[in-house]
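Residue 215 is where the first sequence starts when you use this note's numbering, and the numbers rise one by one after that. In this text, a Cβ means the ideal position worked out from N, Cα and C, and glycines have one as well. Note that the structure is a prediction, hence the values are computed from the model and not measured. These notes are about the structure you will find just below.
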Amino acid sequence: MSQKDDFETPSTNDFVDAVEHPIRDDGKSDIESHENPQDGIFQDLAFYVAQEDVRQEVENLIKAHGGTVLRELPSGLSSKEFVVSSSNTADLLTVTAEYIRACCASNVLLKLSGFLVAFEEPGADTQPQNDDMTTTEAPKPLNVGTLADGATTNGQEQPSTSKKLHQPPNSHEHGNVKPAPGGSITGQNDSAENLLQIDVTTSSHQDEAGDTPQNPTTPTDPPVDKSEHALSSTSDEQASQVGVMNSLTQKKPADEVAKQRYVTAHNKANFTSEEDEFILDVVRKNPTRRTTHTLFDEISRFVPTHTGNSIRHRYRVYLAKRLDFVYQVDNQGKLVRDEAGNLIRTTVLPKSLKNKFVADEDYSLAVSIKRQFYRDLYQVDPDTGKSLITEDDGPSEAARKAITMDTTVKRGSEPTLSEYRVGERRGPVPREFFKTYAQMNPSHTENAWRDRFRKFLLTYGIDKYIEYYDHELAQNRVPEAMKNLTNRPKRPGVPTPGNYSGNAKKRKSSEEEQIAQGETPQERQIAFTSASGGAVDPSSSLAMADVDLLDEETLKFISGLRRDLSKIESAGGTAFEYPQEIAESIRNDFTNEEAQFDEIDPDSIPFPPPLATNDLFMPQFFGFESTRAFLDKINDVISRDYEASQAEKLVQDLCEDAGVRKTFSTSILTALSGDLMVFPRYFLCMFSFKANPPLNVPGIWTREDDETLRHGDGQSMKILTDKHGTGRIEMRKRFIASDLV
DNA sequence: CGACACACCCACACACCAT
DNA sequence: CATGGTGTGTGGGTGTGTC
Numbered sequence: 215m216s217q218k219d220d221f222e223t224p225s226t227n228d229f230v231d232a233v234e235h236p237i238r239d240d241g242k243s244d245i246e247s248h249e250n251p252q253d254g255i256f257q258d259l260a261f262y263v264a265q266e267d268v269r270q271e272v273e274n275l276i277k278a279h280g281g282t283v284l285r286e287l288p289s290g291l292s293s294k295e296f297v298v299s300s301s302n303t304a305d306l307l308t309v310t311a312e313y314i315r316a317c318c319a320s321n322v323l324l325k326l327s328g329f330l331v332a333f334e335e336p337g338a339d340t341q342p343q344n345d346d347m348t349t350t351e352a353p354k355p356l357n358v359g360t361l362a363d364g365a366t367t368n369g370q371e372q373p374s375t376s377k378k379l380h381q382p383p384n385s386h387e388h389g390n391v392k393p394a395p396g397g398s399i400t401g402q403n404d405s406a407e408n409l410l411q412i413d414v415t416t417s418s419h420q421d422e423a424g425d426t427p428q429n430p431t432t433p434t435d436p437p438v439d440k441s442e443h444a445l446s447s448t449s450d451e452q453a454s455q456v457g458v459m460n461s462l463t464q465k466k467p468a469d470e471v472a473k474q475r476y477v478t479a480h481n482k483a484n485f486t487s488e489e490d491e492f493i494l495d496v497v498r499k500n501p502t503r504r505t506t507h508t509l510f511d512e513i514s515r516f517v518p519t520h521t522g523n524s525i526r527h528r529y530r531v532y533l534a535k536r537l538d539f540v541y542q543v544d545n546q547g548k549l550v551r552d553e554a555g556n557l558i559r560t561t562v563l564p565k566s567l568k569n570k571f572v573a574d575e576d577y578s579l580a581v582s583i584k585r586q587f588y589r590d591l592y593q594v595d596p597d598t599g600k601s602l603i604t605e606d607d608g609p610s611e612a613a614r615k616a617i618t619m620d621t622t623v624k625r626g627s628e629p630t631l632s633e634y635r636v637g638e639r640r641g642p643v644p645r646e647f648f649k650t651y652a653q654m655n656p657s658h659t660e661n662a663w664r665d666r667f668r669k670f671l672l673t674y675g676i677d678k679y680i681e682y683y684d685h686e687l688a689q690n691r692v693p694e695a696m697k698n699l700t701n702r703p704k705r706p707g708v709p710t711p712g713n714y715s716g717n718a719k720k721r722k723s724s725e726e727e728q729i730a731q732g733e734t735p736q737e738r739q740i741a742f743t744s745a746s747g748g749a750v751d752p753s754s755s756l757a758m759a760d761v762d763l764l765d766e767e768t769l770k771f772i773s774g775l776r777r778d779l780s781k782i783e784s785a786g787g788t789a790f791e792y793p794q795e796i797a798e799s800i801r802n803d804f805t806n807e808e809a810q811f812d813e814i815d816p817d818s819i820p821f822p823p824p825l826a827t828n829d830l831f832m833p834q835f836f837g838f839e840s841t842r843a844f845l846d847k848i849n850d851v852i853s854r855d856y857e858a859s860q861a862e863k864l865v866q867d868l869c870e871d872a873g874v875r876k877t878f879s880t881s882i883l884t885a886l887s888g889d890l891m892v893f894p895r896y897f898l899c900m901f902s903f904k905a906n907p908p909l910n911v912p913g914i915w916t917r918e919d920d921e922t923l924r925h926g927d928g929q930s931m932k933i934l935t936d937k938h939g940t941g942r943i944e945m946r947k948r949f950i951a952s953d954l955v
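Next up, the structure:
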């Protein structure tokens, strides 16, 4: 509440716009007018002051006017974060120190134009961060259309940001590659993939689906048989665009505001350049999924002002031309890296997930099936004419042959293969056939080949298709693949595929089992909050983007969260508010507990503590001088100015700065119901009491505690309440109800 | 009124299961 | 086992309503 107000500009575009016109006579823009003018002009904005000579001065000004001072370079994904510097070498939103001074002098958030520092391109191209800086039409390499054949350029992944300032340099990119045995670069082996692993079963055929000329030259008798189309269904649902947007907007005040500036009026939000870049980036990192719906639906989790439908449309219609390159993936669709660990740019698009059958494929399948039948029938090799029956056939083999064989045909008087007609014969076709066929013809999977056979070849007719194909060739025409032969009845109650509207999501989620309000493990991290905080803010999704979750691993991970997310949406968002009284109560408890649990002398704990094992801590942890030094660092990290949305970043920072493995810090956060205040206590007690998790420590939930909370009797509940206090019990119940534990 | 955001469509590739 | 039934969501759109 009250927090925002002046300027909640999510995107640079809007940023400028907002100031551009709505400034009114009273000096306030329309959107800002409503709330506390005293919040400061930089309220909700964050700055990293890179220019040393003015740092002190500028930081003071920023703080004095309600802004946040960043300790490291922003990721570039949030338009509420700026670099203050006279130069822009990282392609981040950069303003001059003069901008800060001028704003402060007039006590108004001024337009950026005139104060923006253009990106000084080092050499390679970078990803534009916003229009303001890139309207000059970047170099623009290739067109998507040309992606077909191109040399592989070995581009570096985002030369922008980071480097020195350990800002998670697209942490995901080198992250989560696998919990590789040998340990990984930063210690990714962590959080995400441990929490869940929903698989996106990609069929892995290899590349080069030899593009058959498939030009429809409308042959005489196109292999189209039945069914124009069935009933054009009347969709029963109204196009009320509620959807994600609304359900999310209801969620939190902060979120709400975040959205408001996108959503000018009604329900449609314009795409900002930031969002555009974000979408492109995700597509580049998931090139095999570029045509799917789900990828865009997943993206929409991070860009909640738009639905999967609209993001997909946006990409297809506007952004695809700007794709320019993608990152190289292996045949599983996983990103590959060069020796330096960088992603590799390429202009060659990988195969997508499903391949259309082309005429050649249909034809060779038909011929292969025909040959199979021929062999079965006559037990003669169609090419050599040699008998397939041998002395050393086992009894079962001989029996099988006897069954499939046409005994009415005299040996030696079999027709030739071309004379032979399959006729009504539909089988049997041994599974082995499709298996080996798929091995030899990896453009489709075994299942797909079999299905093609069943649904198309059999329907159309094997002989007929062979005839058709040969005939077309003879006429110098290009045969077409079979089509329009699937005629599966529409089943009621099944949502139309390929519709990722807000409605669809809502409907889906409400059909799913009701678990009160769920947050996903991903959001579980986001749920971290201190009890002192009041409401938890699940964050603007773009802030999550900040956190960098965009490689394919992560998106897979995210896709596994979809069900849960739907739940949240359907829950309408009341889920994670820490009601005032609860927060109050927890705060009180905390204060009372301090003496007993927080004032353990860290110097009394040897370093490294015996419980500090490799699976919980990174190598750099063991570089600390003492337990105190480690705890100081922990305190340092958690006292940074994280927004509730930045749990992932917190976890990342804990990993990088304090050497706590992500899995471990994530599990701690879970044990604490997200209450950061208890974080240092966890380590103190763990080391000091030599127990992980430490037992009998208020605020630290053990498995048994949760069990008791779920099923305990009055007596054990009483004990539990004594341990944690009523406030935490209340919050824990919500955690459990939301499936977070 | 055109451009854009978003909803909606559907054939079918690929999958898995029961019989 | 071979086979049919059928779930799922891709791939490539089109339709509709708002900005």
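(Q) Can you tell me whether Ser859 is buried or exposed? The criterion is at least 16 other CB atoms within 10 Å of its CB, across all chains shown. (A) Residue placement at Ser859 is poorly supported in this model, since its pLDDT is 47, which falls under 50; the coordinates still yield a value, given next. Burial call: buried.
Q. Between the beta-carbon of Leu845 and the beta-carbon of Pro894, is there less than 8 Å?
A. yes
(Q) Using 8 Å as the threshold, is the C-beta distance between Asp511 and Tyr714 below it? (A) yes
(Q) Looking at Arg702: is its Cβ nearer than 8 Å to the Cβ of Leu672? (A) no
Q.
Measuring only the C-alpha atoms, how far is Arg854 from Ile848?
A. Rounded to whole angstroms, Arg854 to Ile848 spans 10 Å at the Cα level.
Q. Between the segment 634 to 654 and the segment 579 to 587, are three or more C-beta pairs nearer than 8 Å?
A. yes
Q. His938: buried (16+ other C-beta within 10 angstroms of its C-beta) or exposed?
A. buried
Q: Could you check how far apart the C-beta atoms of Leu275 and Ile314 are, in whole angstroms? I think they sit under 8 Å.
A: 5 Å
Q: Taking Ile882 as the reference, give the member of Pro908, Thr282, Arg498 and Arg551 with the closest Cα.
A: Pro908
Q | Residue(s) in a DSSP beta bridge with Leu557 | A | Leu557 pairs with Arg551.
Q: Take Leu549 as the anchor and find which of Gly941, Asn500 and Ile525 has the nearest alpha-carbon.
A: Here the closest residue by C-alpha is Asn500.
Q) For Leu934 versus Thr916, is the C-beta distance shorter than 8 Å? A) no
(Q) If contact is defined by three or more beta carbon pairs under 8 Å, each pair taking one atom from either stretch, is the segment 899 to 906 in contact with the segment 813 to 826? (A) yes
Q | Straight-line gap, Ser524 to Lys947 (C-alpha atoms, nearest Å) | A | 37 Å
Q. So, helix, strand or coil for Thr630, using DSSP?
A. coil
Q: Would you decide whether Asp590 is buried or exposed? Buried here means 16 or more other CB atoms lie within 10 Å of its CB.
A: If you draw a 10 Å sphere on the C-beta of Asp590, you find 16 or more other C-beta atoms in it, and that means buried.
Q | Element boundaries [alpha helix (DSSP H), containing Phe587] | A | For Phe587, the enclosing alpha helix (DSSP H) covers residues Ala573 to Tyr592.
Q.
Can you look up Val692 in the DSSP assignment and give me helix, strand or coil?
A. coil
Q: Measuring alpha carbon to alpha carbon, tell me which of Thr621, Ala483, Asp576 and Ser578 ends up nearest Gln593.
A: Thr621
Q | Selection from Ala264, Gly716, Glu271 and His279 that minimises the alpha carbon distance to Ile255 | A | His279
Q. What are the start and end residues of the beta strand (DSSP E) that includes Phe261?
A. Ala260 to Val263
(Q) Between Glu273, Lys294 and Arg285, which has its C-alpha nearest Glu312's C-alpha? (A) Glu273
Q: Just the C-alpha distance for Thr940 and Asp920, rounded to the nearest angstrom, thanks.
A: 14 Å
(Q) Based on DSSP bridge pairs, tell me the residues matched to Ser601. (A) DSSP, once it has assigned bridges, lists Val594 as partnering Ser601.
Q.
Measuring only the C-alpha atoms, how far is Lys704 from Pro711?
A. 11 Å
Q | Separation of Tyr896 from Glu489, as counted between CA atoms | A | 39 Å
Q: Could you check the C-alpha separation between Thr508 and Ile603 for me, to the nearest Å?
A: Answer to the nearest angstrom: the Cα atoms are 52 Å apart.
Q) Are the segment 657 to 671 and the segment 549 to 559 touching by the rule of at least three beta carbon pairs closer than 8 Å? A) no
Q) What residues in its chain sit with their C-beta under 6 Å from that of Arg666, if we drop five residues either side in the sequence? A) Phe571
Q | Glu660 (DSSP reduced to helix, strand or coil) | A | helix
Q) Which of helix, strand or coil does DSSP assign to Val283? A) strand
Q | Ala264 vs Val309 beta-carbon contact at 8 Å | A | no
Q | Which of helix, strand or coil DSSP assigns to Lys704 | A | coil
Q | Other residues of its chain near Arg498: CB distance less than 6 Å, five sequence neighbours each side excluded | A | Val540 and Tyr541
**Q.** Whole-number beta carbon distance between Lys669 and Thr700, since they are thought to touch under 8 Å
**A.** 5 Å
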